[in-house]
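Per full-length UniProt numbering, the sequence shown starts with residue 1, numbered consecutively.
Step one of this worksheet: look at the structure below.
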Amino acid sequence: MVKSGMFIVHSIVSINILFILFCVPCVSRRSDGWVGLGCCELAMSVECRRECKQAASKNDITKICKKDAEVSHIFLGSTCCSYAGRHTTCREYCQAIFRTDSSPTVSQINAVKDYCQSHSTQLIGCVGNYTKSYPIRNPIDSLYCCDRAEDAHCQVACRRILRTLSTEQEIMEGLIEQCRSQPLPQDPMWQCFLGSAQPPAKPHEEPLPPAKMDRAKLHCCSKANTSLCRDMCQKVSTNWGSQTWQEFHQLCEYNVVETQLIACLADVREPCQLGCTGLSYCSNFNNRPTELFRSCSVQSDQGAMNDIKLWSNGTIKMPFMNIPVLHIRKCQPEMWTAVACALQIKPCHSKSRGSVICKSDCVDILTQCGDLKRFHQGQTPERICELLSPVDDPESCIPLHRYLNPSSLAHSARGEVTHPCNPNPCPSNHLCQVNRKGCPDDFNCQPFFCVPGCKLGDASDFLVPMDTRLQVPVLSPGAGGQADCFEVCVCGASGRLEDCKEMPCVDTSKACVVGGQRKSHGTPFRVDCHPCSCFAGETICSSRQCYSPDSSDQERQRFTGLPCGCPDHFVPVCATNGRTYPSACVARCMGFKDHQFVYGHCRLNEPCSSKPCQRNQRCVPKRRVCLSDATDFPCRQYECVVRPAGCDSQLDPVCDTDGVVHTNLCKLHQSGKALAYMGQCQEDCRKPQPVCGQNSETYNSVCEAFSDRVAVDYEGPCHAVGAGADYAVGSGCDLVACPPPSHPHCVPVTPPGACCPVCASVLRVLWNREQMNVFAKLDRDRPVTVQDVLQILRLHVSVPQCDLFGYLSIDHELVVVIAHLDDRPTRLQVEACSKEAEKMDSLINYGSPTLVSHAPLSSFLSAETRVPVLHPSGATACHFTLLPLLLLPLLLVAV
Numbered sequence: 001m002v003k004s005g006m007f008i009v010h011s012i013v014s015i016n017i018l019f020i021l022f023c024v025p026c027v028s029r030r031s032d033g034w035v036g037l038g039c040c041e042l043a044m045s046v047e048c049r050r051e052c053k054q055a056a057s058k059n060d061i062t063k064i065c066k067k068d069a070e071v072s073h074i075f076l077g078s079t080c081c082s083y084a085g086r087h088t089t090c091r092e093y094c095q096a097i098f099r100t101d102s103s104p105t106v107s108q109i110n111a112v113k114d115y116c117q118s119h120s121t122q123l124i125g126c127v128g129n130y131t132k133s134y135p136i137r138n139p140i141d142s143l144y145c146c147d148r149a150e151d152a153h154c155q156v157a158c159r160r161i162l163r164t165l166s167t168e169q170e171i172m173e174g175l176i177e178q179c180r181s182q183p184l185p186q187d188p189m190w191q192c193f194l195g196s197a198q199p200p201a202k203p204h205e206e207p208l209p210p211a212k213m214d215r216a217k218l219h220c221c222s223k224a225n226t227s228l229c230r231d232m233c234q235k236v237s238t239n240w241g242s243q244t245w246q247e248f249h250q251l252c253e254y255n256v257v258e259t260q261l262i263a264c265l266a267d268v269r270e271p272c273q274l275g276c277t278g279l280s281y282c283s284n285f286n287n288r289p290t291e292l293f294r295s296c297s298v299q300s301d302q303g304a305m306n307d308i309k310l311w312s313n314g315t316i317k318m319p320f321m322n323i324p325v326l327h328i329r330k331c332q333p334e335m336w337t338a339v340a341c342a343l344q345i346k347p348c349h350s351k352s353r354g355s356v357i358c359k360s361d362c363v364d365i366l367t368q369c370g371d372l373k374r375f376h377q378g379q380t381p382e383r384i385c386e387l388l389s390p391v392d393d394p395e396s397c398i399p400l401h402r403y404l405n406p407s408s409l410a411h412s413a414r415g416e417v418t419h420p421c422n423p424n425p426c427p428s429n430h431l432c433q434v435n436r437k438g439c440p441d442d443f444n445c446q447p448f449f450c451v452p453g454c455k456l457g458d459a460s461d462f463l464v465p466m467d468t469r470l471q472v473p474v475l476s477p478g479a480g481g482q483a484d485c486f487e488v489c490v491c492g493a494s495g496r497l498e499d500c501k502e503m504p505c506v507d508t509s510k511a512c513v514v515g516g517q518r519k520s521h522g523t524p525f526r527v528d529c530h531p532c533s534c535f536a537g538e539t540i541c542s543s544r545q546c547y548s549p550d551s552s553d554q555e556r557q558r559f560t561g562l563p564c565g566c567p568d569h570f571v572p573v574c575a576t577n578g579r580t581y582p583s584a585c586v587a588r589c590m591g592f593k594d595h596q597f598v599y600g601h602c603r604l605n606e607p608c609s610s611k612p613c614q615r616n617q618r619c620v621p622k623r624r625v626c627l628s629d630a631t632d633f634p635c636r637q638y639e640c641v642v643r644p645a646g647c648d649s650q651l652d653p654v655c656d657t658d659g660v661v662h663t664n665l666c667k668l669h670q671s672g673k674a675l676a677y678m679g680q681c682q683e684d685c686r687k688p689q690p691v692c693g694q695n696s697e698t699y700n701s702v703c704e705a706f707s708d709r710v711a712v713d714y715e716g717p718c719h720a721v722g723a724g725a726d727y728a729v730g731s732g733c734d735l736v737a738c739p740p741p742s743h744p745h746c747v748p749v750t751p752p753g754a755c756c757p758v759c760a761s762v763l764r765v766l767w768n769r770e771q772m773n774v775f776a777k778l779d780r781d782r783p784v785t786v787q788d789v790l791q792i793l794r795l796h797v798s799v800p801q802c803d804l805f806g807y808l809s810i811d812h813e814l815v816v817v818i819a820h821l822d823d824r825p826t827r828l829q830v831e832a833c834s835k836e837a838e839k840m841d842s843l844i845n846y847g848s849p850t851l852v853s854h855a856p857l858s859s860f861l862s863a864e865t866r867v868p869v870l871h872p873s874g875a876t877a878c879h880f881t882l883l884p885l886l887l888l889p890l891l892l893v894a895v
């Protein structure tokens, strides 16, 4: 859905009242009922619009358009909107209703009423009949109808079709073909599909409550600053058809004090994504692969052009004010184009994920092009912009001068950074994921996967992958109607949330008092060098070793940067959480008793030597580091596999110790082989060549390290402990031979606990262990592991030239490393990976539902990010500071 406005706060709201214009007026009507080129713009896809314009009659456009059910949109829309006669504005708002396959918003419908009521009651009635048909039911809501098919083959095919196809036409054709039957009312299955039947209630079972309207947006309601907006947010997020939408839209989604709420809702509707291309009107926004945008699309491009058309009438109409302007096609037209395009394409930044025009630009353009004679009494450009664009920080607002000229990368950066999931190539009920595993035969291999998902509510567009565990908010009467009660659900094979279990409610009214100051729930702050966060009245801080500038020379010389000031002696111990600590001193400092660790590296221990499995089972090593309490939820380093076991055809290649690749881990177990590492077998890793990971763990090969989502620190077994703080001196790393950065213009970053710096971005994440324990308990006492968290986080890295690694630091922060994959990356690739890290940092620190909806990730409290610096002296490459031999397999390891 395209949305626009003039200097709108964060420009991320449903501002369809004025500016959603998709097509030019229909210009002619032929004898066969064909309505002319103008109404072809009502089509939803580019292909259909192109075919429509070339057609001589409506019969010629059904070959392509029918697959998207677009013909009905074109002709119904042209019929309704033709009643507008010569009233151009009325016709344009009417056409906006039919230009999208999404449910029309209340503001859109009201705009039609406002502009057309006095012109044509026929148009109002026609549009009303159309809008009453929404919301459209999700195909997966009719899965129960498949059970009524008499043929078993038809039942299976029916379920597959409803889960994979999205349009009614495709589903009908698929069912007719697979079930070999016509849609006759006497057929039980077709009767169910065509009628209004509901799934039968099971005996002695209460009927299921209606699904939430949008539980993803409900996540945002707790971010409201005012009780009014919080209550209204909860109403519009849980009650379909609520008339509160328009009031919420006007009172809250333009309110400058509700910036957190507005930004959160924007993340649900239109998450920030890297890259923009394919625009014709807003062409200055193209070729920007390392910038973030919310709505880089053809529809937004068209919306910006239509905004300019509306504004050219001399008045910018808004829900709470009208701004009179001079002829904008003569007064600074380039600036006005940049305004319209910025508010439609919506660039977003790490500090402020909204898209607000900088105040200085707002004041400048209204001073020069505002029709001051028609301003209301008391109105000035400064006062208007103070309301609409209150910030002037270039990191928190859109500086228009950036988009007054085309990108400098128009022809010089082709293919360096790609965005296979932007725009989204998948059906509406599928998610797009970057393909990092390749294809079995490499034939017609796509750079992305389309995976089925679940929507968080009947009216939600927010999708999560199947089998994902989610934390979703619920309204609890016992909590005063506050959205601080949650349940953990699973995205089931039905495409709906299943197996939901209640979580303990969080009292967000409790504050923390730190140094005499009150910190509200969710507020990040620092105590000395420690990042901290207030969680329901509890102060949670990191356990970093702090360096004080006021320390004496003797104290500074003793500063090791290790917990509890432990010496930097490397005598590794393996704790019960599966993590190798550099010494017993560090392990004790982190809370482990002497009986909870043993000397030596964790990965060198043999977990199956004690034969922990039953006779009919096989013990398979499964090494992991657990984030939940290892005492309450044992962090076993093995799993017991029943043999023989059936294996599905899932593509998740693994390599055994003989250098033979297997389709998946199950196949390897079935063959009786031992796992070497996840992913395709690599020739360079055929012979063991020990390396030290950034987590101070020794791996048999670089492939084994990468398959554990750990980047390599240096060659050879681990023999030194890296500092956890920046100012440590005389650490054991002094004796480590680190390869220098391959390019002198890259200033690298040293991950905490590692010895060697890398030209990569590093995030340090503070998290809540108690929340991790809750998730483990609700998941049948299954521990939450670092690998679990990293695999979810990895889905948020949208550029295939970058990948994600990580580990648990020795002071128990989660360290996430986002690095490029090429051994000689370009400057643009390094910048893209840095931008991915900044995007993830923002999602964590703002508690975005796109991240915290995933159950383990909702325990994240705050993040700090360091990115490598590239000197602007013509440098064209920067290295991951590892030997090329260590990097080459990274391109191929499919994990």
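Glycine included, C-beta positions come from ideal geometry on N, C-alpha and C.
For residue i and residue j, what's the separation of their Cα atoms in angstroms?
i	j	result
Glu-416	Asp-811	37 Å
Ala-630	Val-786	13 Å
Leu-409	Arg-288	7 Å
residue 934	Ala-676	Outside the shown range of the chain (1 to 895) lies residue 934, about which nothing can therefore be said.
Val-35	Pro-653	Summary for Val-35: the model assigns pLDDT 38, below 50, so the residue's position carries little reliability, and this model does not support an answer.
Ala-723	Ser-583	13 Å
Glu-822	Val-256	In the sequence under discussion, the amino acid at residue 822 is Asp, which differs from the Glu named in the question. Approximately 43 Å between the Cα atoms of the pair.
Ile-176	Pro-427	21 Å
Val-852	Cys-116	43 Å
Ser-696	Pro-390	48 Å
Val-784	Phe-775	7 Å
Met-128	Leu-265	It should be pointed out that residue 128 corresponds to Gly in this sequence rather than to Met. When rounded, the distance between both Cα atoms is 27 Å.
Val-156	Asp-187	17 Å
Glu-606	His-595	18 Å
Asp-713	Asn-700	14 Å
Using beta-carbon positions only, say whether residue i and residue j come within less than 8 Å of one another.
i	j	result
Leu-366	Ile-384	yes
Val-765	Leu-814	yes
Val-789	Leu-627	yes
Cys-220	Gln-234	no
Gln-680	Val-661	yes
Ala-511	Gly-537	yes
Cys-692	Cys-718	yes
Cys-276	Glu-291	yes
Ala-720	Leu-735	yes
Cys-635	Cys-613	no
Kindly give me the distance between the Cβ atoms of residue i and residue j, rounded to whole angstroms, as I take these residues to be in contact under 8 Å.
i	j	result
Cys-541	Cys-532	4 Å
Val-816	Gly-806	4 Å
Val-758	Val-749	6 Å
Cys-566	Leu-497	Their Cβ separation, rounded to whole angstroms, is 46 Å, which puts Cys-566 and Leu-497 out of contact at 8 Å.
Gln-122	Tyr-93	That pair is no contact at about 15 Å.
Val-506	Asp-484	5 Å
Leu-400	Asp-361	5 Å
Entirely enclosed beta strand (DSSP E) segments - the region 435-505, minimum 3 residues: 448-455, 463-465, 469-474, 485-491, 497-502
Threshold first: 4 residues or longer. Then list the alpha helix (DSSP H) segments lying entirely within the region 747-794, N to C. 769-778, 786-794
Runs of 4 residues minimum, wholly inside the region 515-574: which ones carry the alpha helix (DSSP H) assignment? 553-558
What are the uninterrupted segments assigned as alpha helix (DSSP H) that are 4 or more residues long and contained completely in the region 295-341, given in chain order? 298-311
Mind listing, in chain order, the continuous beta strand (DSSP E) runs of no fewer than 3 residues lying wholly within the region 233-275? none
Curious, which full-length beta strand (DSSP E) runs of at least 3 residues does the region 606-652 contain? 617-621, 638-642
Using 8 Å as the Cβ pair cut-off and three pairs as the minimum, do the region 489-506 and the region 453-470 touch? yes
Inspect the CB distances between the region 273-282 and the region 256-265 and report whether three or more fall short of 8 Å. no
Examine the Cβ distances between the region 333-340 and the region 291-311 and report whether three or more of them are shorter than 8 Å. yes
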